[in-house]
Amino acid sequence: MKNKKAKVITVFGGVYSSLGKGISVSSIGKILSCLGYKVSILKFDPYLNVDPETMAPGQHGEVFVTADGAQTDLDLGNYERYLNRELSQMSNLTSGRIYYNIIKKERDGGYEGKTVQVVPHVTNVIKQRILDIIAKDNCDFLIIEVGGTTGDIESVPFIEALSQFNVEYGYENVLNCLIAPLISLSSTSGEYKTKPTQHAIKMLRSGGINPCMLLLRTSFNVEKSIYEKIAATSHINEKAIFLAPDMPTIYDVPTKFYEQKVHEFILDYFNYNYIKGQDQFNEWQKFMDNVHKIKSTTTIALVGKYIDLHDSYASVIEALRFAGWKNRTHVKIKWVSSDLLTDLSSIKKQLSDCQGVIVPGGFGLRGMENMINTLKYVRENNIPTMGICLGMQLMIIEYARNVLKHHEANSTEFDKKTNYPVIDLMDSTLHLGNKKCNVKKDSKAYLMYKKQTEIYERHRHRFGLIHPEHINEFANSDFVPSMTRAYKGEDLVVEFMEHKKNDCYFGSQFHPEFISRSENPGPMFDQLIFYAKKRK
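Heads up, the sequence shown stops at 536 in the UniProt record's numbering, and the numbers go up one at a time, no gaps.
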């Protein structure tokens, strides 16, 4: 394969957004990787933000951080989890980033007085990114997801660039795929209307992209006549039309595609032979078969600020799911808004049916005092609890106030004039990506991470427990630092806190959810679910 030109699969969405393009792309990538191919994925986002850093989580969803520190769309998290490999900043490109770089280059005289236009300057950047990631990753297949919906004005430069790319790279090396819904006017009959799908195909063709493969999003079984009708009206081979139905979990989608032999169609399109002896997909099927045999359920309260959009915590959700599978239990998340936890009575009521608690990351003052009071309750009642980033910082503030008796303890993020800045600004930059953390021997963290003294985890923060006098005070208490990281010369920031007497009460400054995988769940999530399951 390495001597052959990498094959490119482009995936577009039609009719409306949130079709599950990211899951479909990830599922195709999963199957191809199980066949022994090296797969890379590239996401084009048409929005004008340079990256999602400043976008509201409640509107856009989670900001996923790559190992090399890029702040990206949450779909990259799905790509990594399905492919079980790290991706880089090369795997995400926004319109905002393109225009930002082009305008900067123009202001610096980089275009030597030429008129800068969408064609060719914007389209050239898009095409070059495709070639760059192929060269960097040395992949066999590159799958490209184009964000948004076919026909959106924001997507036009990407459609034009990919139309050009089809010609320049060779039609025989590019497979264009459209995902479109079959719309049913009845929730029970399953009678589908194909006209919106037909129009989506025509819309894509009008931009110079000819779809050779069609994935139909549906909630019901589809009769053969539907395939025949779409094939006849849209000039797509009936054998190139596949279903992308609702499934019990998103991790069942690869199996559904595999059963329909999507992979065989792709290999045949590119004139590759399907070699059954190289096919390792049965291992994934066995894994999911075992998952579906799990009967137990464990309820975890996710206490957060952005619970109206569950995608705000996409990686946390999946990390909890994976840890549950390892512990032979399905994790049910109870979504608890920090705004509801106004007093002890409301805290007890919200947590009464939960076996564990997780307080994930966030920014800003809203809901902080409510979460601090909640952490006091779970700590005093030995309820298995885990904090991430801001969650750990709030654990530190709570303990400083209520146990160490520094009643004015706070973070300078919330109170710049606090007399006890137990959490303070490290520097003006956001600390991003993989960082080395030093683990204290004989600590709970040391055992949790299989007696490793150094680990690498991903970060996204600018505040932390950094003052030596505060670190030393905690080290002499029951809530102790057990991981640190040098961030500026010899200056240290605490990366992990654990309670010596509670069974399961710990937090991390880093984001362990970003590297948690289905068959290798993050140790912190594993520990939380292990103890939560025992509380039944």
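Even for Gly, the Cβ is constructed at its ideal location relative to N, Cα and C.
Cutoff 7 Å; reference residue i; Cβ partners in own chain excluding five residues on either side
{"i": "G22", "result": "D75, N78, E145"}
{"i": "E519", "result": "F287"}
{"i": "Y169", "result": "V8"}
{"i": "N373", "result": "L341, I347"}
{"i": "E228", "result": "E238"}
{"i": "residue 572", "result": "Nothing in the structure corresponds to residue 572, since the chain is present only between 1 and 536."}
{"i": "K500", "result": "D478, V480"}
Chain-order list of residues whose beta-carbon lies under 6 Å from that of residue i (same chain, five-residue window excluded)
{"i": "G14", "result": "T150, L178, A180, A200"}
{"i": "Y100", "result": "V50"}
{"i": "K38", "result": "C139, D140"}
{"i": "L267", "result": "Y274"}
{"i": "G20", "result": "none"}
Whole-angstrom C-beta distance between residue j and residue i, which should lie under 8 Å
{"i": "residue 615", "j": "V403", "result": "There is simply no residue 615 to check, as the chain begins at 1 and stops at 536 in what is shown."}
{"i": "L320", "j": "V65", "result": "Not confirmed; about 18 Å, so no contact."}
{"i": "G29", "j": "I143", "result": "6 Å"}
{"i": "S477", "j": "F322", "result": "Rounded, the Cβ-Cβ distance is 32 Å, inconsistent with contact."}
{"i": "N434", "j": "A67", "result": "5 Å"}
{"i": "M483", "j": "K440", "result": "7 Å"}
{"i": "H507", "j": "G387", "result": "For the record, residue 507 in the displayed sequence is Gly; it is not His. G507 to G387, Cβ: 3 Å. Contact."}
{"i": "S219", "j": "P245", "result": "7 Å"}
{"i": "Q280", "j": "T255", "result": "Actually they do not touch by this definition, with Cβ atoms about 14 Å apart."}
{"i": "S40", "j": "Y82", "result": "Going by Cβ atoms, the distance from S40 to Y82 rounds to 12 Å, so no, they are not a contact pair."}
Neighbourhood of residue i by C-beta distance below 8 Å, restricted to the same chain and skipping five residues each side
{"i": "V422", "result": "I396, I397, A400, H406, A409, N410, S411, L465, H467, H470"}
{"i": "F463", "result": "Q393, S411, T412, E413, I423, D424, L425, M426"}
{"i": "R205", "result": "P211"}
{"i": "Q452", "result": "V439, Y446"}
{"i": "T72", "result": "K43, D51, P52, V63, F64, V65, T66, Q89, S91, N92"}
Whole-angstrom distance between residue j and residue i, CA atom to CA atom
{"i": "K295", "j": "H330", "result": "7 Å"}
{"i": "G92", "j": "F530", "result": "In the sequence on display, residue 92 carries Asn and not Gly. Each residue's Cα considered, the two are about 35 Å apart."}
{"i": "L215", "j": "K239", "result": "11 Å"}
{"i": "R535", "j": "Q355", "result": "6 Å"}
{"i": "G522", "j": "L42", "result": "25 Å"}
{"i": "M1", "j": "Q350", "result": "Unreliable placement is indicated for M1, whose pLDDT of 49 sits below 50; no coordinate value is reported for it."}
{"i": "E495", "j": "K376", "result": "21 Å"}
{"i": "A301", "j": "K348", "result": "12 Å"}
{"i": "N438", "j": "T197", "result": "54 Å"}
{"i": "E172", "j": "F265", "result": "14 Å"}
{"i": "E62", "j": "R460", "result": "12 Å"}
{"i": "K533", "j": "F510", "result": "24 Å"}
{"i": "V118", "j": "I102", "result": "10 Å"}
{"i": "residue 541", "j": "Y420", "result": "The requested residue 541 is not part of the displayed model; the chain covers only 1 to 536."}
{"i": "L32", "j": "E112", "result": "44 Å"}
{"i": "L430", "j": "A486", "result": "15 Å"}
{"i": "V378", "j": "N370", "result": "13 Å"}
{"i": "E191", "j": "D415", "result": "58 Å"}
{"i": "F525", "j": "K195", "result": "46 Å"}
{"i": "K332", "j": "G324", "result": "9 Å"}
{"i": "Y449", "j": "D353", "result": "30 Å"}
{"i": "I230", "j": "V253", "result": "22 Å"}
{"i": "Q527", "j": "C504", "result": "8 Å"}
Any non-hydrogen atom of the ligand ATP within 7 Å of residue i CB
{"i": "D51", "result": "This structure simply doesn't include the ligand ATP, nor any ligand for that matter."}
Minimum length 4: unbroken alpha helix (DSSP H) runs contained in the stretch 51-100: 57-60, 75-83
Check whether the stretch 154-172 touches the stretch 254-262, counting contact only when three or more Cβ pairs, one atom from each stretch, lie closer than 8 Å. no
Report yes or no: do three or more beta-carbon pairs, one from the stretch 4-20 and one from the stretch 51-60, lie closer than 8 Å? no
Do the stretch 303-317 and the stretch 333-350 make contact, defined as three or more Cβ pairs closer than 8 Å? yes
At 3 residues or longer, and completely inside the stretch 452-507: list those beta strand (DSSP E) runs for me, N to C. 454-461, 479-488, 491-499
Ignoring anything shorter than 3 residues or poking outside the stretch 161-185, list the beta strand (DSSP E) runs there in chain order. 174-181
Of all the beta strand (DSSP E) runs that stay within the bounds of the stretch 372-406, which reach a length of 3 or more residues? 385-388
Is there contact here, the stretch 203-213 with the stretch 229-245, by at least three beta-carbon pairs under 8 Å? yes
Could I get the ranges of all uninterrupted alpha helix (DSSP H) runs contained in the stretch 234-306, with 4 residues as the minimum, in chain order? 253-259, 262-269, 281-291
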